[in-house]
Structures are given as C-alpha cells and as structure tokens.
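Numbering (this note's numbering), first residue to last: 88 to 457. In what follows, a structure is listed as structure tokens, so that the remarks can point back to it.
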C-alpha cells in the first residue's frame, strides 16, 4: 500500500520497451496529503449508519492507504480473511474478463453472441448488448420458473441456454439494443463466452487472470464442491440460507471476496494492471443520455454523475442474505467496500461517505436505485 504522500506507489517510469499495442495504463495519480481528521469522520459516519446487528466487513481507502477497516461479528466470527458472497459485484469481474479478451483480439464488442454459443437462439444480440443490459432478455429469475423448472434440481449456465432455446419467444421481452433492462441472464451468458473463448472454466479464468496476479488470496468462485465451506448468509430471523436451485449460476454472481481483496481490485483497475486506459474509457462511458444524479449502467458498472461533473462508479449486490457494495471515486482515488451476510437491506446508505471526499452531495440528493 502507498503511504498517502505525494508519490504514487511504484513511481511513474515506463517499463522497458514501452507498453503493448492497444493503449497505455492510466496516468499515475497526483496524490495529496490525507487530512488527519478524515479517519475519525469516516468512523463517525459508519457508526451512525450500520445497525447494531451488522455482520460483515468495511474497508475505506484513499491513495491505496486504508483509512478505515473494521469487521463486525454479530452472527459469525469475521476477520479480514472472511470471504463473503459479493453477489452482483461479480459482474465487474465478468465484464473485465470479456474486455480483457477483446484487448487480446480474441473477440469483439459487436460480435453476435451466437458466434460463441451456437445454441443461442437470438442472432441479433451482441456481446455489447449483454455487457450493457440492452439485450432484451428476461432475467432468469423469471423465465426459469415460467418454464416449469423442477426446483429440486440445481440450474447450470448450460441449462439457461437450453431453456432459452426451448422458449425463444417468451424469453426475449424487448427488441435487442433498444431498452436498458437489468437482467442477470446477460452475465451468465457472458461467463459462458469467457469459457468458450479462453478454453478455461470461468472459475479458473478468474483465478489465473485476476485473483492470483493481483494477490486477491481470499477470493474464489463458489461451486457445488465448495459451497458447504463458504460463508453462510442469514434471514432476518437468524436462520441460515441453504443451497437453492439458482445459487450456482455464475457470471452474474458466485464470486466470494473480502473488502481488502476488493480494495486490491480497485487498485488494479486504476493502475492499469487489468485493462488499458482506452479500454476502461469505453467500459465506463455512459451509454445513452446522462442525467445528473441518475444511476446509469456502463459495461459491468453503475455510474452516477453529479451536477458538477464528478463521477461515482459502483456496483451493489444482493443474493440470499448477502448484501454487498463497492464504490469507486476515480477523481479522489477512493474505494469503499462493504460486505455483509445478515440481510442488511440499507447498505447503500454507506454512500454518504462519498461526501467526505468531495462535493458529491450524496447525503442530500436522492439518486434513484442508489
């Protein structure tokens, strides 16, 4: 981690031979000293926000310096290595995998999905439409039940594709490319494309491309073999969730991680360790009109732009009793990671922390869905 001073960790010297074709990593940020009173202010906001029965972990960092780190053991014994289900924050990894394969010249944004998934029944839907939730496909949370699936059988990603092929007219609910409609189906399909193009399982790709190189040592993809050892989540009455028939569909979810590993993920994105700047610019670009203080979807991230032009990149997640929130403030080099497994439904209230780092007005402005 950096020391919060004026020099970025690692300096700004180009590697021998320069960078590969396709773009350069982001410019090293100019770090400014961190006000000594800031950690205390963060602590005050969090103490006033999280409930007494909060179970999970929170990390807040700026310039790669951790300003706040705390673990709450209301239900379980939680420490810095306790990995929680990050639910839909998984989409940030799936999108990065697709964009990485695009950088390597192995696929294109405008490629038809059917090029990689031959059984996919919609020839007009592209990879980009999946990334931006503009495919027009219904969420599998709806169409699997509508298809009469036997809930005693765990659904796989391949099963989703089979059900779509058998229910072609019912699963497509919008004309492709015309409407934003958040659908977990999109990212389950993207995970299958990652597997097809890379020749690796989704889990192995995550480990070998992201988790190991970035030293995200507590992160993994859950599956039937390791689910029993994974951190449980809870109903409000205190009973734990058991394995359910949709729990092992991956790409849209199924990554388990820690707040510290998510801090490393933020650092890797900012420093160019994962994707080139030109790729990130495309990934974070708002698709369609951008209205101040509205939440829009880019490619794997949600984005809020304030009236003064500041950007907030974030993704939230929920699955079973898990609640997760990852906020990135690019202008301030700030990351906020909150993970919980005790049905903390007001997790987005943590966004008030953003106002401690700049004029974000998120304590007073109402942002739909954030």
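Virtual Cβ for every residue (Gly too), placed ideally from N, Cα, C. Fair warning: this is a prediction, and the values are worked out from it, not measured in the lab.
Asked, Found
"Using alpha carbons as the reference points, say which of 409, 421, 121 and 447 lies closest to residue 434.", "409"
"Out of curiosity, what's the CA-to-CA distance linking residue 316 and residue 310?", "10 Å"
"May I ask which residues mark the beginning and end of the beta strand (DSSP E) holding residue 404?", "398–406"
"Helix, strand or coil: which one does DSSP assign to residue 197?", "coil"
"Have a look at residue 439 and residue 271 and give me their C-alpha separation to the nearest angstrom.", "27 Å"
"Please report the straight-line C-alpha distance between residue 151 and residue 181, rounded to a whole angstrom.", "24 Å"
"Alpha carbon to alpha carbon, what distance is there between residue 130 and residue 239?", "45 Å"
"Specify, as a first and last residue, the run of the alpha helix (DSSP H) that residue 129 falls within.", "125–136"
"Just the Cα atoms here: how many angstroms apart are residue 165 and residue 342?", "18 Å"
"Which of the three DSSP states is assigned to residue 451 in this structure?", "coil"
"In terms of residue numbering, what span does the beta strand (DSSP E) encompassing residue 145 cover?", "142–149"
"Measuring straight from C-alpha to C-alpha, what distance separates residue 352 and residue 407?", "24 Å"
"Along the chain, which unbroken stretches of the alpha helix (DSSP H) at least 4 residues long are found entirely within the segment 292–358?", "346–358"
"Counting C-beta neighbours from all protein chains within 10 Å, is the total for residue 346 16 or more, i.e. buried, or is it exposed?", "buried"
"Could you round the C-beta distance between residue 280 and residue 204 to whole angstroms and report it? I think they count as a contact, below 8 Å.", "7 Å"
"Can you tell me whether residue 135 is buried or exposed? The criterion is at least 16 other CB atoms within 10 Å of its CB, across all chains shown.", "exposed"
"Would you mind working out which of 247, 223, 222 and 384 sits nearest residue 232, comparing C-alpha positions?", "247"
"Would you call the segment 137–151 and the segment 419–433 in contact, with 3 or more CB pairs under 8 Å?", "yes"
"What's the C-alpha gap between residue 444 and residue 175?", "25 Å"
"Helix, strand or coil, according to DSSP, for residue 255 in the structure here?", "helix"
"For the putative contact between residue 344 and residue 306, defined by C-beta atoms under 8 Å, what is the C-beta separation to the nearest angstrom?", "4 Å"
"Can you have a look at residue 172 and say buried or exposed, based on whether 16 or more other CB atoms are within 10 angstroms of its CB?", "buried"
"Can you give me the C-alpha to C-alpha distance between residue 237 and residue 370, rounded to a whole angstrom?", "38 Å"
"Assuming the contact rule is C-beta atoms closer than 8 Å, residue 190 and residue 366 should be a hit. Round their C-beta distance to whole Å, please.", "6 Å"
"Give a yes or no on whether the C-beta atoms belonging to residue 266 and residue 290 are separated by under 7 Å.", "no"
"Our contact map puts residue 216 next to residue 264 with C-beta atoms below 8 Å; I'd like the distance itself, whole angstroms only.", "6 Å"
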